[in-house]
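Colleague: FYI, our numbering numbers position 322 of the sequence shown as 322, with every residue one higher than the one before it. Note that the Cβ used here is the ideal one computed from N, Cα and C, for glycine as well. This structure is in structure tokens; I'll ask about it shortly.
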Amino acid sequence: MNSFLGKIIRNMDWALVGAIFLISLAGLFTMNSFVGENYFFERQVVWVTIGFIVLFLCSVIDWRFLKRTDVTTLLFVGANLLLLFLFVSGYAAKGAQSWFRFGTFSFQPSDFVKIFLILILAKYFSLRHIEIAHIRHILLSGFYTLIPFVLVFLQPDFGSAIIIFLIWFGMIVLAGVSKKHLTIVFLVGALAITFLWSFGLAGYQKERIVTFLHPLADLRGAGYNAYQSTIAVGSGELFGKGVGYGTQSRLNFLPEYETDFIFAAFAEEWGFIGVLILFGLFGIIMWRILSNSFLGASNFEMLFGLGLALYLMSHFIVHVGMNIGLLPVTGTTLPFMSYGGSHFLAESVGIGILMGMRRYRRNVHPTVADQEVVGMHRWCEH
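Written out as structure tokens, the structure is:
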């Protein structure tokens, strides 16, 4: 038992874990009503507890078996089969058939698909980093990504589909794709967006985008959530209204404030100072993930860490952007803070795998690590 605890203590990046804990604590404070029933708060306490246990357990596993092609392929295929099975036995919530229900608990497989996508892309690019400039590797990795993207998009879960695309796009850029081929990707993406707008997007999804461009056009309808969210953020001013005193969220002017709009609810109660602290905590998470990534034993570990950073940062940017009216409302959660067990467990697994990879990382002097970061940046430019 002492040996097991010793492994956890030695493997853990406590600055990273501490920042995650404080963010999850801020989420619990925001969703706690402090009076009457606390459905979301009580259930999220359970999920946060389970999530940290999973993180600690994952940190003691030797994850080098993930370098085997058959293992990563099996995980990726299994995850996509779950997405496919949703169309048979999943149930709909918020207009998307994205969930499996087990009694009082629900499970959203798209959260774990993102982790498995990072793994298979890290595996693919780690074997081909020298010849990555060849366009066939962009096309093949794009095909891998297209499978979960389409399955998630058809649910329809537009927010998760965007995150899946951003993970792939970020990883091909970091893997060293040429600028010429990057331009081609942009052109293909523009054509895909045009096609999706004409034939793929549901009516309510088009409405969200139009509302983003003209938020005051329909305040009682499609633009209501975005408008109330911006009011909540602005009303927090410098120091906020105080924990439990946010009128937009507590009086139900701001719907889904425990999940889709938790940043707006937090900003209203904690103000600009609280938002700066929250951004600082997410900055610590990104810094520690990248620092651990560049000490990876091989390109696979490094690319997995970079993919994990892209995954969390994409969620952060999209969530905050839609809460302050800069991006369309897509139902994207804020990592470690929004209510929900599926996304918290997936994020915990991702961090736990990264911590497990610390067991066999390279031991180099910090200045050498800094030089490798610069070298990686130059490599990406070429």
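(1) Check whether the stretch 235-246 touches the stretch 264-283, counting contact only when three or more Cβ pairs, one atom from each stretch, lie closer than 8 angstroms.
(2) Where ASN11 and ILE20 are concerned, what is the direct C-alpha to C-alpha distance, given to the nearest angstrom?
(3) Could you tell me the distance, in whole angstroms, from the CA atom of PHE105 to the CA atom of GLY159?
(4) For SER24, is the classification buried or exposed, using 16 other Cβ atoms within 10 angstroms of its Cβ as the cut-off for buried?
(5) Using 10 angstroms around the beta-carbon of PRO366, count the other beta-carbons present and answer buried if the total reaches 16, otherwise exposed.
(6) Along the chain, where does the alpha helix (DSSP H) containing TRP14 start, and where does it finish?
(7) Let me check understanding here. Comparing Cα to Cα, which of LEU354, SER229, ASN299, TYR245 lies closest to GLY331?
(8) Could you give the DSSP three-state label for HIS382: helix, strand or coil?
(9) On the DSSP bridge list, what partners appear for TYR91?
(10) Taking Cβ to Cβ, would you say LEU326 is nearer than 7 angstroms to GLY170?
(11) Find the nearest neighbour of ALA156 within the set TYR204, ILE118, PHE116, judged by alpha-carbon distance.
(12) Mapping the DSSP letters down to three states, classify SER198 as helix, strand or coil.
(13) Can you tell me whether DSSP reads SER106 as helix, strand or coil?
(14) At a cut of 8 angstroms, does the stretch 39-47 reach the stretch 70-90 through at least three beta carbon pairs?
(15) ASN225 to TYR257, Cα distance in whole Å?
(16) Buried or exposed: VAL6, going by 16 or more other Cβ atoms within 10 Å of its Cβ?
(17) So, at 7 angstroms on beta carbons, what are the nonlocal neighbours of GLY78 in its own chain, with the 5 sequence-adjacent residues on each side left out?
(18) For SER293, which residues of its own chain have a beta-carbon under 6 angstroms away from its beta-carbon, when the five flanking residues on both sides are left out?
(19) Give the secondary structure of GLU237 by DSSP, where H, G and I count as helix, E and B as strand, and everything else as coil.
(20) Are there 16 or more other CB atoms within 10 angstroms of the CB of TRP14, so buried, or fewer, so exposed?
(21) Count the other CB atoms, across all protein chains shown, that sit within 10 Å of the CB of GLU37; report buried if there are 16 or more and exposed otherwise.
(22) Answer yes if the stretch 245-255 comes into contact with the stretch 328-343, meaning at least three C-beta pairs across the two stretches below 8 angstroms, and no otherwise.
(23) Which whole runs of the beta strand (DSSP E) in the stretch 154-184 are 3 residues long or more, in chain order?
(24) Would TYR339 be called buried (16 or more neighbouring beta carbons within 10 Å of its own) or exposed?
(25) Please list the segments of the alpha helix (DSSP H) lying wholly inside the stretch 311-359, counting only runs of 4 or more residues, in order along the chain.
(26) Taking the alpha carbon of SER342 as the reference point, which residue from PHE29, PHE100, LEU28 has its own alpha carbon closest?
(27) For PHE199, does the count of other Cβ atoms within 10 angstroms reach 16, so buried, or fall short, so exposed?
(28) Would DSSP call ILE273 helix, strand or coil?
(29) Which residue from THR73, ASN32, ASP111 puts its Cα closest to that of GLU347?
(30) Nearest CA to the CA of ALA267: which residue from VAL320, ASN299, GLY296?
Modeller: Based on what the coordinates show:
(1) yes
(2) On the sequence shown, residue 11 is found 11 positions in, with the first residue counted as 1. On the sequence shown, residue 20 is found 20 positions in, with the first residue counted as 1. Spanning the two alpha carbons is a distance of roughly 16 angstroms.
(3) Start at 1 with the first residue of the sequence shown, and residue 105 comes out as number 105. Start at 1 with the first residue of the sequence shown, and residue 159 comes out as number 159. Roughly 22 angstroms between the two C-alpha positions.
(4) Residue numbering aside, residue 24 sits at position 24 when the sequence shown is read from its first letter. Buried.
(5) The count along the sequence shown starts at 1 and reaches residue 366 at position 366. Residue confidence is low: PRO366 scores 44 on pLDDT, short of 50, so the model does not pin down where it sits. Its coordinate-derived value is still stated next. Exposed.
(6) For the purposes of this step, residue 14 is taken as the residue at position 14 of the sequence shown. That run of the alpha helix (DSSP H) goes 14-31.
(7) On the sequence shown, position 331 is the one that residue 331 refers to. Considering only alpha carbons, the answer is SER229.
(8) Sequence index remark: in the sequence shown, residue 382 carries index 382 (1-based). Below a pLDDT of 50, predicted positions are generally treated as unreliable, and HIS382, at 47, falls in that range; the measurement from the model is reported next regardless. Three-state result, HIS382: coil.
(9) Residue numbering aside, residue 91 sits at position 91 when the sequence shown is read from its first letter. Note: TYR91 sits in a beta bridge opposite TRP99.
(10) By 1-based counting over the sequence shown, the position of residue 326 is 326. By 1-based counting over the sequence shown, the position of residue 170 is 170. No.
(11) What you label residue 156 is simply residue 156 of the sequence shown in a count that begins at 1. The question names Ala, yet the displayed sequence has Pro at residue 156. Comparing Cα positions, the closest option is TYR204.
(12) As a working note, residue 198 is residue 198 in the sequence shown. Of the three classes helix, strand and coil, the one that applies to SER198 here is helix, per DSSP.
(13) Residue 106 sits at position 106 when you count from the first residue of the sequence shown. Three-state result, SER106: strand.
(14) no
(15) Numbered from its first residue, the sequence shown carries residue 225 at position 225. Numbered from its first residue, the sequence shown carries residue 257 at position 257. The alpha-carbon atoms of ASN225 and TYR257 are separated by roughly 10 angstroms.
(16) As a position in the sequence shown, residue 6 is number 6, starting the count at 1. The question names Val, but residue 6 is Gly in the sequence shown. Flag for GLY6 reads exposed.
(17) Here the question's residue 78 lines up with position 78 in the sequence shown. Answer for GLY78: no residue qualifies.
(18) Here residue 293 refers to the residue found at position 293 of the sequence shown. Answer for SER293: MET302, GLY305, LEU306, listed in chain order.
(19) In the sequence shown, counting from the first residue as 1, residue 237 sits at position 237. GLU237: coil per DSSP, three-state reduction.
(20) For the purposes of this step, residue 14 is taken as residue 14 along the sequence shown, with counting starting at 1. The residue is exposed, with fewer than 16 neighbouring Cβ atoms inside 10 Å.
(21) Here residue 37 is taken as the residue at index 37 of the sequence shown, counted from 1. GLU37 comes out exposed.
(22) no
(23) none
(24) Here residue 339 corresponds to residue number 339 of the sequence shown, with the count starting at 1. Label assigned to TYR339: buried.
(25) 341-357
(26) Taking the first residue of the sequence shown as position 1, residue 342 is located at position 342. The shortest C-alpha separation from SER342 is found at PHE100.
(27) Mapped onto the sequence shown, residue 199 falls at position 199. That one is exposed.
(28) Within the sequence shown, the letter at position 273 stands for residue 273. Three-state DSSP puts ILE273 in a helix.
(29) Taking the first residue of the sequence shown as position 1, residue 347 is located at position 347. For GLU347, the nearest C-alpha among the options comes from ASP111.
(30) The count along the sequence shown starts at 1 and reaches residue 267 at position 267. Among VAL320, ASN299, GLY296, the Cα nearest to that of ALA267 belongs to VAL320.
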